[in-house]
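Engineer:
2 protein chains.
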Amino acid sequence: MPYFDAASSAPLHPVARQALIASLDEGWADPARLYREGRRARMLLDAAREAAAEAVGCAPGELSFTSSGTTAVHRGAAGALAGRRRAGRHLVVSAVEHSCVLHAADAHERDGGTVSRVTVDRGGRVAVTEFREALRADTALACLQSANHEVGTTQPIAEVAGTCREAGVPLLVDAAQTMGWEPVPGDWSVLAASAHKWGGPAGVGLLAVRRGTRFAPQGPADERESGRAAGFENIPAVVAAVAGLRAARAEADAEAQRLRKLVERVRTRVTELVPDVEVVGDPRHRLPHVVTFSCLYVDGEALLHELDRAGFSVSSGSSCTSSTLEPSHVLRAMGVLSEGNVRVSLPRGTSAEEVERFLGVLPGAVSAVRERLEAPAGPVARSRAEASGDEPALTVDSLGKRCPIPVIELAKAITGVPVGSVIAVLSDDEAARLDIPAWCSMRRQEYVGERAAERGAAYLVRRRA
Amino acid sequence: MPYFDAASSAPLHPVARQALIASLDEGWADPARLYREGRRARMLLDAAREAAAEAVGCAPGELSFTSSGTTAVHRGAAGALAGRRRAGRHLVVSAVEHSCVLHAADAHERDGGTVSRVTVDRGGRVAVTEFREALRADTALACLQSANHEVGTTQPIAEVAGTCREAGVPLLVDAAQTMGWEPVPGDWSVLAASAHKWGGPAGVGLLAVRRGTRFAPQGPADERESGRAAGFENIPAVVAAVAGLRAARAEADAEAQRLRKLVERVRTRVTELVPDVEVVGDPRHRLPHVVTFSCLYVDGEALLHELDRAGFSVSSGSSCTSSTLEPSHVLRAMGVLSEGNVRVSLPRGTSAEEVERFLGVLPGAVSAVRERLEAPAGPVARSRAEASGDEPALTVDSLGKRCPIPVIELAKAITGVPVGSVIAVLSDDEAARLDIPAWCSMRRQEYVGERAAERGAAYLVRRRA
Numbered sequence: 001m002p003y004f005d006a007a008s009s010a011p012l013h014p015v016a017r018q019a020l021i022a023s024l025d026e027g028w029a030d031p032a033r034l035y036r037e038g039r040r041a042r043m044l045l046d047a048a049r050e051a052a053a054e055a056v057g058c059a060p061g062e063l064s065f066t067s068s069g070t071t072a073v074h075r076g077a078a079g080a081l082a083g084r085r086r087a088g089r090h091l092v093v094s095a096v097e098h099s100c101v102l103h104a105a106d107a108h109e110r111d112g113g114t115v116s117r118v119t120v121d122r123g124g125r126v127a128v129t130e131f132r133e134a135l136r137a138d139t140a141l142a143c144l145q146s147a148n149h150e151v152g153t154t155q156p157i158a159e160v161a162g163t164c165r166e167a168g169v170p171l172l173v174d175a176a177q178t179m180g181w182e183p184v185p186g187d188w189s190v191l192a193a194s195a196h197k198w199g200g201p202a203g204v205g206l207l208a209v210r211r212g213t214r215f216a217p218q219g220p221a222d223e224r225e226s227g228r229a230a231g232f233e234n235i236p237a238v239v240a241a242v243a244g245l246r247a248a249r250a251e252a253d254a255e256a257q258r259l260r261k262l263v264e265r266v267r268t269r270v271t272e273l274v275p276d277v278e279v280v281g282d283p284r285h286r287l288p289h290v291v292t293f294s295c296l297y298v299d300g301e302a303l304l305h306e307l308d309r310a311g312f313s314v315s316s317g318s319s320c321t322s323s324t325l326e327p328s329h330v331l332r333a334m335g336v337l338s339e340g341n342v343r344v345s346l347p348r349g350t351s352a353e354e355v356e357r358f359l360g361v362l363p364g365a366v367s368a369v370r371e372r373l374e375a376p377a378g379p380v381a382r383s384r385a386e387a388s389g390d391e392p393a394l395t396v397d398s399l400g401k402r403c404p405i406p407v408i409e410l411a412k413a414i415t416g417v418p419v420g421s422v423i424a425v426l427s428d429d430e431a432a433r434l435d436i437p438a439w440c441s442m443r444r445q446e447y448v449g450e451r452a453a454e455r456g457a458a459y460l461v462r463r464r465a
Numbered sequence: 001m002p003y004f005d006a007a008s009s010a011p012l013h014p015v016a017r018q019a020l021i022a023s024l025d026e027g028w029a030d031p032a033r034l035y036r037e038g039r040r041a042r043m044l045l046d047a048a049r050e051a052a053a054e055a056v057g058c059a060p061g062e063l064s065f066t067s068s069g070t071t072a073v074h075r076g077a078a079g080a081l082a083g084r085r086r087a088g089r090h091l092v093v094s095a096v097e098h099s100c101v102l103h104a105a106d107a108h109e110r111d112g113g114t115v116s117r118v119t120v121d122r123g124g125r126v127a128v129t130e131f132r133e134a135l136r137a138d139t140a141l142a143c144l145q146s147a148n149h150e151v152g153t154t155q156p157i158a159e160v161a162g163t164c165r166e167a168g169v170p171l172l173v174d175a176a177q178t179m180g181w182e183p184v185p186g187d188w189s190v191l192a193a194s195a196h197k198w199g200g201p202a203g204v205g206l207l208a209v210r211r212g213t214r215f216a217p218q219g220p221a222d223e224r225e226s227g228r229a230a231g232f233e234n235i236p237a238v239v240a241a242v243a244g245l246r247a248a249r250a251e252a253d254a255e256a257q258r259l260r261k262l263v264e265r266v267r268t269r270v271t272e273l274v275p276d277v278e279v280v281g282d283p284r285h286r287l288p289h290v291v292t293f294s295c296l297y298v299d300g301e302a303l304l305h306e307l308d309r310a311g312f313s314v315s316s317g318s319s320c321t322s323s324t325l326e327p328s329h330v331l332r333a334m335g336v337l338s339e340g341n342v343r344v345s346l347p348r349g350t351s352a353e354e355v356e357r358f359l360g361v362l363p364g365a366v367s368a369v370r371e372r373l374e375a376p377a378g379p380v381a382r383s384r385a386e387a388s389g390d391e392p393a394l395t396v397d398s399l400g401k402r403c404p405i406p407v408i409e410l411a412k413a414i415t416g417v418p419v420g421s422v423i424a425v426l427s428d429d430e431a432a433r434l435d436i437p438a439w440c441s442m443r444r445q446e447y448v449g450e451r452a453a454e455r456g457a458a459y460l461v462r463r464r465a
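Chains A and B, in that order, give the protein sequences. Heads up: the first sequence at position 432 corresponds to 432 in full-length UniProt numbering, and the numbers run straight through without jumps. Heads up: the second sequence at position 174 corresponds to 174 in full-length UniProt numbering, and the numbers run straight through without jumps.
1. Report yes if the C-beta of R348/A is less than 7 Å from at least one heavy atom of the ligand ZN; otherwise report no.
2. Sorted by chain position, which residues of the same chain lie with C-beta nearer than 8 Å to E130/A's C-beta, five sequence neighbours on each side aside?
3. So what's C320/B in DSSP terms, helix, strand or just coil?
4. Give me the Cα-Cα distance between P11/A and W188/A, rounded to the nearest whole angstrom.
5. Taking 8 Å as the threshold, find out whether the segment 91-102 of chain B comes into contact with the segment 172-179 of chain B through three or more Cβ pairs.
6. Distance check for S313/B and S23/A, CA to CA, integer angstroms please.
7. Indicate whether the contact test is met: 3 or more Cβ pairs, each with one atom in the segment 344-358 of chain A and one in the segment 441-452 of chain A, closer than 8 Å.
8. So, at 7 Å on beta carbons, what are the nonlocal neighbours of A105/A in its own chain, with the 5 sequence-adjacent residues on each side left out?
9. Does any residue of chain B have a CB that is nearer than 8 Å to the CB of I414/A?
10. Which residues, taken in chain order from the segment 32-57 of chain B, show a beta carbon closer than 8 Å to some beta carbon of chain A?
11. By Cβ distance, which residues of its chain are closer than 8 Å to E182/A, with the 5 residues on each side in sequence left out?
12. Could you list which residues in chain A have their beta carbon closer than 7 Å to that of G203/B, in chain order?
13. DSSP three-state call for F131/B: helix, strand or coil?
14. Per DSSP, A147/B forms a beta bridge with which residues?
15. Give the residues from the segment 183-202 of chain A that approach chain B closer than 8 Å (Cβ to any Cβ), ordered along the chain.
16. Could you tell me how far apart the beta carbons of L410/B and V422/B are, in whole angstroms, since I believe they sit closer than 8 Å?
17. Do you know offhand how far V291/B's Cα is from A167/A's?
18. Which residues bound the alpha helix (DSSP H) around D106/B?
19. Assuming the contact rule is C-beta atoms closer than 8 Å, V204/B and L303/B should be a hit. Round their C-beta distance to whole Å, please.
20. For L141/B, list the residues DSSP reports as bridge partners.
21. What does R210/A touch in chain B if you count any residue whose Cβ is under 9 Å from its own?
22. Report the neighbours of Y3/A on chain B: residues whose CB is nearer than 7 Å to its CB, in chain order.
23. List the endpoints of the continuous beta strand (DSSP E) containing V448/A.
24. Taking only beta carbons into account, state which residues of the segment 82-109 of chain A come closer than 8 Å to chain B, listed in chain order.
25. Quick one: what's got a C-beta closer than 8 Å to E391/A's C-beta in the same chain, skipping five residues either side?
26. T71/A CB to nearest chain B CB: under 8 Å?
27. Relative to the C-alpha of K197/A, which residue among P347/A, Y3/A and R224/A is closest?
28. Cβ closer than 7 Å: which chain C residues qualify as neighbours of P11/B?
29. For a test of the three-state rule: what should DSSP assign to L373/A, helix, strand or coil?
30. Assuming Q145/A and R125/A are in contact, meaning their beta carbons sit under 8 Å apart, how far apart are those beta carbons, in whole angstroms?
31. Assuming L135/A and G76/A form a contact by the criterion Cβ under 8 Å, report the distance between their Cβ atoms to the nearest whole angstrom.
32. So G219/B contacts chain A; which residues on that side make the cut at Cβ distance below 7 Å?
33. Does G227/A get closer than 8 Å to chain B when you measure Cβ to Cβ?
34. Count the other CB atoms within 10 Å of the CB of P201/B; is the residue buried (16 or more) or exposed (fewer)?
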């Protein structure tokens with residue numbers, strides 16, 4: 001039963017598991033105490049910090065263990081923003097950051113700060129020049145992920161860090177998706193990572209703050225972890241996390257090479273096997289183990305269930321696992337099709353056979369969902385009649401229907417109007433804003449634009465083919 | 001090698017250990033995901049929440065898992081204070097709360113709120129009437145621990161909770177020291193606890209917020225745990241924590257009865273075996289497994305080392321394990337002797353033989369420290385000469401010396417002045433403020449008071465015997 005959602009959480013690495021069990025008996029006491037159990041715990045913690053600092057590429061004194069990657073990001077951002085309060089209260093983030101960074105930015109805005117969100121290209125990558133232009137005299141902090149969690153696109157971290165350094169702005173790097181593969185390059189100031197992403201246990205995050213970075217921890221004081229993370233140290237988990245990190249790094253080069261080939265195979269085959277599919281994410285700058293694609297006329301959640309029944313665990317940026325019905329902010333920022341979105345992220349050790357089996361199962365799973373949704377098959381039939389004018393010749397009422405239904409209804413209705421005429425789709429599903437233009441570009445129809453409507457919006461499409 | 005510091009951190013309960021290892025393979029995936037690994041993780045988490053809620057005495061929907069007891073207190077206090085912001089910004093805490101509660105209070109003050117700290121009696125207990133009097137029309141929240149972590153005194157929680165409920169003020173109970181023994185009684189509103197105190201793993205705290213309590217989570221948003229705790233759920237640790245809690249509770253009655261006898265034995269024997277010792281904490285309202293005493297003319301840290309060498313791991317409220325040189329805020333609030341302070345907190349399963357061995361070793365350890373400090377032996381020798389007047393007949397300069405040295409110098413010098421005359425001790429050690437009056441009451445000398453001095457303070461003592 002292959003699990004293809006490593007970018008969400010990786011199974012515990014055997015080395016981490018062993019270290020966890022071994023340190024349960026040695027690491028439970030308070031490392032601040034003077035007796036032997038405390039000294040033993042302190043020794044384990046100190047050794048783990050040294051090893052982790054080496055993997056991060058910082059000094060042990062610059063590294064704190066937090067209770068999660070999310071906490072590392074929240075505390076890192078809050079401390080760096082407060083430390084630079086005199087410079088100003090402006091924060092720069094990329095539009096495709098993990099929600100924990102965006103939530104920290106929202107909290108900063110609620111607290112009276114200002115936030116600029118740097119856009120990305122269709123591949124999900126920021127432009128260094130654009131990032132540089134977002135930096136202002138009152139910018140206290142900039143945040144950029146090392147790689148995107150949904151589409152696998154890597155960012156030009158070293159270049160952006162250099163630009164930030166020149167501007168005197170500290171850069172916080174959310175390295176959750178790359179820490180298990182390699183150190184973050186460049187002259188960053190603050191770094192956050194999460195152990196369960198590299199095969200460590202849950203409950204451990206890393207927060208590195210480079211010496212010379214102005215940093216003022218926020219919230220109630222706590223003596224532990226240089227005042228940067230509150231609460232009793234979870235030493236067995238920390239030891240396991242660091243052992244897992246070292247093990248992951250030792251295998252990283254060979255495993256990255258191997259998985260990159262499997263991912264390449266998926267990227268190529270999926271467009272051959274499944275009609276109307278769009279592979280998203282930067283084709284060159286990407287993680288070795290992640291591939292994401294979107295399928296026209298498919299409901300992401302239904303497709304996950306179909307694949308789960310076939311024994312494959314994958315994730316989706318258009319599934320409703322989160323409490324909102326909005327499509328993934330990442331896919332939206334990239335401006336790509338969000339419907340029927342599937343992220344395949346291979347854990348270490350994934351075999352070529354498992355990937356082949358997935359490719360064997362996928363076309364059937366997609367067509368099963370399309371059949372249930374009565375999606376139109378193939379391209380829009382040619383029409384000989386022609387028309388012109390901007391007023392809709394036909395309005396499709398898709399109010400109250402969730403994507404991909406509005407897109408399916410559009411695809412069916414458009415065959416009923418002459419080439420050159422406009423069709424309007426009324427929809428109150430946020431995903432339509434993304435998916436109707438995406439459908440137009442895939443089907444070579446013309447997306448005219450969006451008009452306000454009493455409920456939702458009217459999306460106008462001119463039949464071109 | 002007996003470990004007698006369970007109040008600081010308890011060794012992992014065998015049942016918790018087993019549960020942790022068993023759930024490593026089942027609980028690593030994201031419980032928010034729709035595939036089977038996610039559903040399995042969700043089932044484990046739901047079952048753990050139900051069992052924990054039963055042990056706490058609340059509904060599962062009222063209970064969140066946090067990453068530590070400290071985090072539970074910090075987030076619980078911040079959320080309850082923000083939820084009641086319209087009522088006002090006044091916070092009531094007892095003077096003997098755990099530092100994590102006091103640090104939350106300090107943060108609230110820095111943020112513009114006001115704090116009242118309710119005093120305790122010499123046994124460390126708050127008076128219900130005094131607690132009630134501290135509640136005001138603008139009180140947003142009151143905090144009271146179920147039992148004190150340093151001296152083991154239990155608080156009148158049910159009565160205080162009733163009083164708070166009448167006043168319309170929510171009560172937050174820090175139940176870290178009692179959760180493994182019994183549910184917190186009474187009509188509390190918010191509760192915090194910490195798994196590693198009851199034999200669960202580190203990395204798990206409980207935060208219960210009773211329905212009807214106004215609560216506004218602070219900090220960046222996070223969808224997990226009802227928005228009350230940020231970060232990826234640590235399910236294996238949560239499962240282990242709850243299994244450990246159930247196991248601890250199942251043994252609680254029998255084990256409490258057994259340990260209470262051993263503690264009683266220490267309370268009685270220590271004053272018989274060691275001269276000039278004061279057992280501190282409420283003699284009736286106390287935890288079953290904790291006993292704390294202070295030894296005159298003894299440096300707490302030196303005594304810990306002495307006991308550690310003899311194979312016993314204990315804690316001290318006057319050791320310098322913390323970064324400050326001040327004596328414990330708990331002992332100070334109680335107004336008891338702080339020097340040579342030792343806390344013995346027995347873990348489950350401690351045998352009578354271990355306790356006897358400790359009692360065998362203790363007198364030698366204390367006298368070894370006293371000898372090294374050249375402490376005076378026995379009571380002050382009788383004097384026949386008499387004097388009167390308030391001006392010091394002699395001034396002892398103990399500036400720059402750490403307790404117990406100032407007290408030892410006082411005890412030696414006082415034999416050189418006539419009965420009725422006053423001796424002044426100059427000291428800049430904060431502990432002297434506590435320990436010189438305590439010495440006077442133990443030695444039946446008269447503590448006259450304190451005068452400002454160029455450095456530190458002058459403590460005035462009239463020789464009475």
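Beta carbons are placed, not taken as given, at the ideal position from N, Cα and C, and that holds for glycine.
Structural biologist: In brief:
1. Here there are no bound small molecules, and the ligand ZN is not part of this structure.
2. Numbered from 1 along the first sequence, position 130 holds the residue referred to as residue 130/A. Excluding positions up to five away in sequence, the list reads V118 and T119.
3. Position 320 of the second sequence, counted from the first residue, corresponds to residue 320/B. Confidence at C320/B is low in this model, with a pLDDT of 46, below 50, so its placement is unreliable and the value that follows should be read with caution. C320/B: coil per DSSP, three-state reduction.
4. The residue you call residue 11/A lines up with position 11 of the first sequence. The residue you call residue 188/A lines up with position 188 of the first sequence. P11/A and W188/A: Cα-Cα distance of roughly 29 Å.
5. yes
6. Indexing the first sequence from 1 puts residue 23/A at position 23. Indexing the second sequence from 1 puts residue 313/B at position 313. Straight-line Cα distance between these residues: approximately 19 Å.
7. no
8. For the purposes of this step, residue 105/A is taken as the residue at position 105 of the first sequence. Around A105/A: L91, V93 and V115.
9. The residue labelled residue 414/A in the question sits at position 414 within the first sequence. Not closer than 8 Å to any Cβ of chain B, the Cβ of I414/A fails to qualify, so no.
10. A32, R33, L34, Y35, R36, E37 and G38
11. Within the first sequence, residue 182/A is the residue found at index 182, counting from 1. Closer than 8 Å at Cβ, skipping near neighbours: R249 and A252.
12. Residue 203/B sits at position 203 when you count from the first residue of the second sequence. Simply S67, G203, N234 and A237.
13. Start at 1 with the first residue of the second sequence, and residue 131/B comes out as number 131. Looking at F131/B - three-state DSSP - the assignment turns out to be helix.
14. Here residue 147/B refers to the residue found at position 147 of the second sequence. T154/B, per the DSSP bridge assignment.
15. S194, H196, P201 and A202
16. What you label residue 410/B is simply residue 410 of the second sequence in a count that begins at 1. What you label residue 422/B is simply residue 422 of the second sequence in a count that begins at 1. With 8 Å as the limit, L410/B and V422/B do not qualify as a contact, their Cβ atoms being about 12 Å apart.
17. Within the second sequence, the letter at position 291 stands for residue 291/B. Within the first sequence, the letter at position 167 stands for residue 167/A. If I take the Cα positions, the gap works out to 58 Å.
18. Locating residue 106/B in the second sequence gives position 106, where the first residue counts as 1. S99 to R110 is the extent of the alpha helix (DSSP H) around D106/B.
19. The sequence position of residue 204/B within the second sequence is 204, counting from 1. The sequence position of residue 303/B within the second sequence is 303, counting from 1. The beta-carbon separation of V204/B and L303/B, rounded to 33 Å, does not stay under the 8 Å limit for a contact.
20. Working through the second sequence from its first residue, we reach residue 141/B at position 141. Looking at the DSSP assignment, L141/B forms a beta bridge with L91/B.
21. Walking along the first sequence from the start, residue 210/A turns up at place 210. Per Cβ cutoff of 9 Å: no residues; R210/A is ~23 Å from chain B at best.
22. Mapped onto the first sequence, residue 3/A falls at position 3. Result: E37.
23. As a first step, residue 448/A must be located in the first sequence, where it is residue number 448. Per DSSP, V448/A belongs to the beta strand (DSSP E) from E446 to A452.
24. C100, H103, A104, D106 and A107
25. In the first sequence, the residue the question calls residue 391/A occupies position 391. The beta carbon of E391/A sits closer than 8 Å to those of V422, all from its chain and outside the five residues before and after it, given in chain order.
26. As a working note, residue 71/A is residue 71 in the first sequence. Chain B, which has a Cβ nearer than 8 Å to the Cβ of T71/A, makes this yes.
27. Reading the first sequence from its first residue, position 197 is the one you call residue 197/A. The shortest C-alpha separation from K197/A is found at P347/A.
28. The structure shown contains no chain C; its protein chains are A and B.
29. The residue given as residue 373/A occupies position 373 in the first sequence. Looking at L373/A - three-state DSSP - the assignment turns out to be coil, as it is neither helix nor strand.
30. Sequence index remark: in the first sequence, residue 145/A carries index 145 (1-based). Sequence index remark: in the first sequence, residue 125/A carries index 125 (1-based). The Cβ separation is near 11 Å, so there is no contact.
31. For the purposes of this step, residue 135/A is taken as residue 135 along the first sequence, with counting starting at 1. For the purposes of this step, residue 76/A is taken as residue 76 along the first sequence, with counting starting at 1. Not quite, the Cβ-Cβ distance comes to about 18 Å (not below 8 Å), so this is no contact.
32. The residue labelled residue 219/B in the question sits at position 219 within the second sequence. Correct list: H74 and A107.
33. The sequence position of residue 227/A within the first sequence is 227, counting from 1. Output row for G227/A: interface = no.
34. In the second sequence, the residue the question calls residue 201/B occupies position 201. Buried, by the Cβ-count rule.
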